[in-house]
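So the protein lines, in turn, are chains A and B. Once you know that position 196 of the first sequence is 196 in the working numbering, the rest is easy, because the numbers rise by one and skip nothing. Every number in the working numbering is 1000 more than the matching position in the second sequence, counting from 1. Note sheet for the following structure.
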Amino acid sequence: MATPVMDKAEAGAPANNSPYITITLRIRRFNPEVSDEAYWEDFTVEVDPKERVLDVLHKIKWELDGTLTFRRSCAHGICGSDAMRINGRNRLACKTLIKDVNPEKPITVEAIKGLTLQKDLVVDMEPFFQAYRDVMPFLVTKGNEPTRERLQSPEDRERFDDTTKCILCAACTSSCPVFWNDGQYFGPAAIVNAHRFIFDSRDEAGEQRLEILNDREGVWRCRTTFNCTEACPRGIEITKAIQEVKRALITRRY
Amino acid sequence: MAFDVDNPAPVIEPPRARTSKTPKATRGNFEMHAWLFMRLSGIVLVVLVIGHLLIQLVLDGGVSKINFAFVAGRWASPFWMTWDLLMLWLAMLHGANGLRTVINDYAERDGTRFWLKMLLYTATVFTVLLGTLVIFTFDPNIR
């Protein structure tokens, strides 16, 4: 087995073996304790292009400017804390490599839109979670509890497999133009999580959830612009899920 | 204006955020029926409008053939009266419902939203009624 060596660099340009490049991160800063105006601030940092945007944010916070504020928890694309708008698209900072966002130009980083900006990259997620709670994202059953686990066939499980992947990062909801305009719309994430239970064969409150989404601000406000599907870091086919909920509402079959 | 720790700048609330004071959800299937109507009327309109354009503007001499006699001749037949009536109603309601969603999406203040929709509904009702009146009371011997 060959050991992984940088044979290209040795053969091509031996003058520069360093993997590091200099990039500019253009961050939308906002601090209500200083000014009511948000502004762009450029940070120039040396990074490995195989690092992630989150690593660069860490580097800035730890070495350049400790006041930079952002959310992150697991830093590995599972907790959904660090959704932000990178080069104009909603992504997870912990899943976006520098080399994938054109490091030759300044990389813009700003908070997700449509929610109240609190500081730098931190927004108030409460309206987002309010919509999530409204669709009852938990198993509802009637009758006595079975003595063993509630069994389900692989086909029945497959029916809603895609929508179980949601990590509630809000990348989809905050990319939706209908949600931007007026925070009343349930938003793609809430509908995805309703879908996850509506199409679950073990759940018995599908009718109730459909009624909730039949609201004036429910699924019918979706304009199928596919912004949510494009933004989803888990690759969930969100627009398809919303259309399936619409179809279930019309045919009452799910 | 100076802001500090004790006097932070006001944060910009998104328009009509979901709060406990938000009006309760409206029950009913109106939005579903509106959505379904858009899909179904759209399919029918494709046939009606393309047929209309072909007959009026392309076939048999094109637009230059249209005059009073041509229109009178077509409206002598109940088939074309039904065609035009259906097209008028479907196109007006389809367009009005589309504009209603646009107004709902883009109007920022409740007052603006209300008055724009009133204007839209008035214009729609006026056009639909006037068109229907003309189709049914059309007199080819008018002087």
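Where a beta carbon is used, it is the ideal one built from N, C-alpha and C, also for glycine.
(message) If I follow the unbroken beta strand (DSSP E) through A:R89, where does it start and stop?
(response) 89-92
(message) My output table needs one value for A:Y39: the three-state DSSP class, helix, strand or coil.
(response) strand
(request) Scan the region 93-125 of chain A for residues whose Cβ lies nearer than 7 Å to a Cβ of chain B and list them as they occur along the chain. (result) G114, L115, T116, L117, Q118
(message) If you reduce the DSSP assignment to three classes, tell me which class A:M1 lands in.
(response) Interpretation of A:M1 is limited by its pLDDT of 49, a score under 50 that renders its predicted location unreliable; the figure taken from the coordinates is listed afterwards. In the structure shown, A:M1 sits in coil (DSSP, three-state: anything other than H, G, I, E or B).
(request) Taking all protein chains shown into account, decide if B:A1069 is buried (16 or more other Cβ within 10 angstroms of its Cβ) or exposed. (result) In the assembly as shown, B:A1069 is an exposed residue. Its beta-carbon has fewer than 16 other beta-carbons within 10 Å.
(message) The beta strand (DSSP E) that contains A:K119, what's its start and end?
(response) For A:K119, the enclosing beta strand (DSSP E) has its first and last residue at 117-119.
(request) Tell me whether the beta-carbon of A:V178 lies closer than 8 Å to the beta-carbon of A:R221. (result) In contact: A:V178 and A:R221 (Cβ atoms closer than 8 Å).
(message) Taking 7 Å as the limit between beta carbons, can you name the residues of its chain near B:L1116, skipping five residues before and five after?
(response) I1103, A1107
(message) Taking the beta carbon of B:R1109 as the centre, do at least 16 other beta carbons fall within 10 Å, making it buried, or is it exposed?
(response) Classification of B:R1109: exposed, given that the 10 Å Cβ count is below 16.
(request) Tell me the start and end of each unbroken beta strand (DSSP E) in the region 18-91 of chain A that is at least 3 residues and wholly inside, in chain order. (result) 21-29, 39-47, 83-86
(request) Taking B:P1008 as the query, report the chain A residues whose CB atoms sit under 8 Å from its CB, ordered along the chain. (result) P32, E33
(request) Between the Cα of B:S1041 and those of B:M1081, B:W1089, B:G1051, B:F1138, spot the shortest distance and give me the residue it belongs to. (result) B:W1089
(message) Assuming B:T1122 is part of the alpha helix (DSSP H), what are its boundary residues?
(response) 1110-1137
(request) Would you list the one or two residues that DSSP bridges to A:T108? (result) Per DSSP, A:R26.
(request) Could you check if B:V1063 is buried or exposed, using at least 16 other CB atoms within 10 Å of its CB as the buried criterion? (result) Per the 10 Å Cβ criterion, exposed.
(message) Excluding the 5 residues flanking B:M1038 on each side, which residues of the same chain have their C-beta closer than 8 Å to its C-beta?
(response) Within the same chain, H1094, N1097, G1098 come within 8 Å of B:M1038 by CB-CB distance, once the 5 residues on both sides are set aside.
(request) Could you work out which residues of chain A lie near B:L1059, taking near to mean beta carbons separated by less than 7 Å? (result) Those within 7 Å of B:L1059 in chain A number zero; the least Cβ separation is about 35 Å.
(message) For a contact defined as C-beta to C-beta under 7 Å, what are the partners of B:D1105 on chain A?
(response) Those are V178, N181, listed as they occur along chain A.
(message) To the nearest angstrom, how far is the alpha carbon of B:V1011 from that of A:D120?
(response) 12 Å
(message) Less than 8 Å between the C-beta atoms of A:T116 and A:N87, yes or no?
(response) no
(message) Does B:V1011 come out as helix, strand or coil in the three-state DSSP assignment?
(response) coil
(message) So, under 8 Å CB-CB, A:C232 and A:C176 are touching, yes? Tell me the CB distance rounded to an integer number of Å.
(response) Not confirmed; about 11 Å, so no contact.
(request) Using the Cα positions of A:I198 and A:I112, report the straight-line distance between them to the nearest angstrom. (result) 28 Å
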